[in-house]
Structure formats: structure tokens, C-alpha cells
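The block underneath contains the structure these notes are about, expressed in C-alpha cells.
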Amino acid sequence: MLAKEKRTWCPGCGNFPILMAVDELMNREKFLDIRNTVVVSGIGQAAKFPHHLSPCNGFAGLHGRSIPNATGIKIANHKLEVILFSGDGDLLAEGGNHMIHAIRRNINITCFLHDNQVYGLTKGQASPTTWKNKKTKIQYHGVQYQPLNPIPMALALGITFAARTSVSEPGHMKEMMKAAISHRGFSLLQIMQTCPSYNRERTIKWYRDHTGFIQENHNTGNRMQAIRLASDDSEKILLGIFYESEGTPYELTHPVMDPDVSLVEKSRTFHFGKDQLTELLNPSD
Ligand SMILES: Cc1ncc(C[n+]2csc(CCOP(=O)(O)OP(=O)(O)O)c2C)c(N)n1
Ligand code: SF4
Ligand SMILES: [Mg+2]
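Each step along the sequence shown adds one to the number in the working numbering, with nothing skipped, and position 261 is 261.
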């Protein structure tokens with residue numbers, strides 16, 4: 001069951017179908033165990049997810065800081081499923097530096113990028129994914145530079161799972177969410193999202209007309225081919241899994257990490273009693 005907390009999104013906001021898909025995975029299909037899952041966010045419209053997914057464990061942090069918080073949670077207890085909900089501003093602008101290094105470390109977290117191509121919460125300024133020449137109230141001459149395409153960027157950094165979906169394809173979106181969550185290692189799912197208030201050009205119909213699925217014969221183990229496919233939106237914005245490979249997650253490579261016992265469990269078994277205190281106050285040598 002979703003939290004009773006009032007949803008403050010605009011009517012028609014693309015966050016509604018995303019929330020419905022996560023609700024189905026969590027509460028109906030039981031694909032996610034809420035006792036063993038932590039949902040993490042920064043600031044923005046997308047970042048309201050932890051409020052709505054209560055009673056699942058959640059952490060809403062500062063703008064752009066969803067990745068450091070998710071990383072800390074995963075390192076403290078790598079047995080938890082950690083899922084991050086972040087906007088194109090939160091993840092790629094304020095939080096861009098964190099994303100680079102989380103990919104490099106291959107932290108085993110799942111990252112849902114809600115890409116509405118604007119800063120929704122702060123009323124429609126351009127974000128890193130806003131297309132060139134789009135006019136906003138701030139960029140009133142139109143955006144002057146090229147948008148950032150997060151999937152080729154993540155692939156170039158060595159990501160082990162990268163996929164794209166759209167709120168215009170709810171069945172596909174849920175399938176991609178499951179694949180991203182199941183992947184062992186850092187996984188990025190770019191969700192093309194509508195924002196009827198500040199991105200009026202890209203409606204559900206626009207996405208239906210301008211997206212297409214990756215062909216079934218695409219080799220998801222070929223990084224260079226994946227970069228080429230994800231970069232080319234000249235005909236259609238492609239949806240599906242671009243790349244997937246077995247990488248070793250950070251928690252299984254770092255020397256202080258034990259795959260069988262999490263740091264939280266270790267700290268519970270360490271007993272700091274009277275003898276240890278006496279030794280500390282009166283060192284024997
Ligand atoms: C450090 C900091 N800088 C700026 C802001 C203002 N701010 C709040 S949300 C936001 C952008 C949100 O855009 P996005 O991440 O794309 O999320 P959306 O609202 O579109 O889902 C900004 C700039 C802030 N809260 N904190
Ligand atoms: S401004 Fe856009 S992203 Fe924010 S709630 Fe409204 S429609 Fe959704
Ligand atoms: Mg946004």
C-alpha cells in the first residue's frame with residue numbers, strides 16, 4: 001500500500017505512472033521486499049518518492065546527494081536493495097560528479113533517472129538534458145548548448161547496466177525496472193518522463209511518436225555498439241537495454257567488506273565492555 005501522504009504533483013505528471021509501476025513491483029507483485037529495500041532521493045519532484053513509498057525504508061537527502069547517501073547505506077549493509085529516484089537536475093547537474101564515481105566504483109545500487117528535461121520543482125529552468133533552443137522563463141533566448149545524453153556518458157565510464165524506457169510505455173517501464181533492480185552492480189535506467197507544466201512539447205503522444213524499441217538482435221554485451229545506439233536519436237529515441245555485463249560490485253572487492261557479513265552486522269558483534277574501557281583508560285604499556 002502506498003503512503004496516504006498527499007501527492008502534490010500536477011495533473012498528468014509523469015511521476016504518477018512511475019509511482020504506479022513501483023507500487024505494483026513492491027506491493028502487488030512483491031518483486032521488492034519492503035523490509036529489505038531502501039528508497040533514496042535528493043530534492044525535486046522525482047525526489048518525493050520516498051515520502052510516497054512509506055512504509056518502505058526511505059532517505060530523502062540534499063539536492064544532488066542521492067548517490068552519496070545511497071552509497072553509504074549500501075556500504076553499511078550491502079544486503080539491502082538500494083534504489084534511487086532522481087531527476088535530471090538532481091542526478092546530472094548538482095549530483096553529476098557523484099554519478100561519475102559511483103559508476104567507476106560499480107556500487108551495487110539501482111538508479112532511476114526521471115528525465116523530464118527540466119527543473120520541475122523550481123518551475124521549469126533548463127536542466128542538463130534540455131534540448132538545444134528550448135525556451136524557458138530563464139533561458140528566454142533558448143538553450144544555447146547541446147544536451148547531455150546520460151547513457152553514452154555512463155557507458156563511456158564503464159557502467160555495467162544501462163537502459164532507457166518511457167512513461168508512454170508502462171509495461172516496458174516495469175520490465176526495465178525489474179531488469180535494472182536484478183542487475184548486480186551500478187544500474188542506470190533513464191525514464192523519459194512527461195512534465196505537462198514546463199515541458200509541454202513532449203507529451204505522451206510525442207513520446208509514442210518519437211520512441212522505438214531496440215531490435216531484439218542487439219548484442220547487449222557490446223559496449224561500443226551500445227554507445228552508438230544510445231547516441232543516435234536521429235530517427236527515434238531508442239528504448240530497451242543497451243548494455244549489460246557482469247562486473248564485480250564494490251562491496252565484493254573492497255578488502256574491508258565481507259560478502260557474508262555486512263558492516264552493520266559486524267558492528268553488532270563487536271562488544272565494547274568494561275575490560276576494553278579499562279584497557280583504553282589505563283594502557284598496559
Ligand atoms: C543545493 C541546492 N541547489 C539548488 C536547489 C534548488 N532546486 C531544488 S530542486 C532543483 C532542480 C530539480 O530538478 P530535477 O532534479 O530535474 O527534478 P524534477 O523536479 O524535475 O523532478 C533545484 C535547482 C536546492 N534545493 N539545493
Ligand atoms: S512541474 Fe512537472 S514534474 Fe513537477 S509535478 Fe508538475 S508536471 Fe510533474
Ligand atoms: Mg527534472
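Where is the CB? At the ideal position from N, CA and C, for every residue including glycine.
Taking a cut-off of 8 Å on C-beta distances, the stretch 66-73 touches the stretch 83-91, as three or more cross pairs fall below it.
Cβ neighbours of M1 within its own chain (closer than 7 Å, five residues either side excluded): N27. Uninterrupted beta strand (DSSP E) stretches at least 3 residues long and entirely within the stretch 119-188 occur at 161-166, given in chain order. With contacts defined as CB atoms closer than 8 Å, M173 and A46 fail to qualify as a contacting pair.
For Y198, the three-state secondary structure derived from DSSP is coil.
Boundaries of the beta strand (DSSP E) harbouring G87: E81 to G87, taken from the DSSP string. Look at L121: its beta carbon is less than 7 Å from one of the heavy atoms in ligand 2. Burial of V82 is indicated by the presence of at least 16 other C-beta atoms within 10 angstroms of its C-beta.
Exclusion of S127 from the 7 Å shell around ligand 2 follows from its C-beta lying no nearer than that to any non-hydrogen atom of the ligand. Of the candidates A126, I109 and A230, the residue whose Cα lies closest to the Cα of A163 is A230.
Nearest Cα to E246 within the set N282, A126, Q144 and S187: S187.
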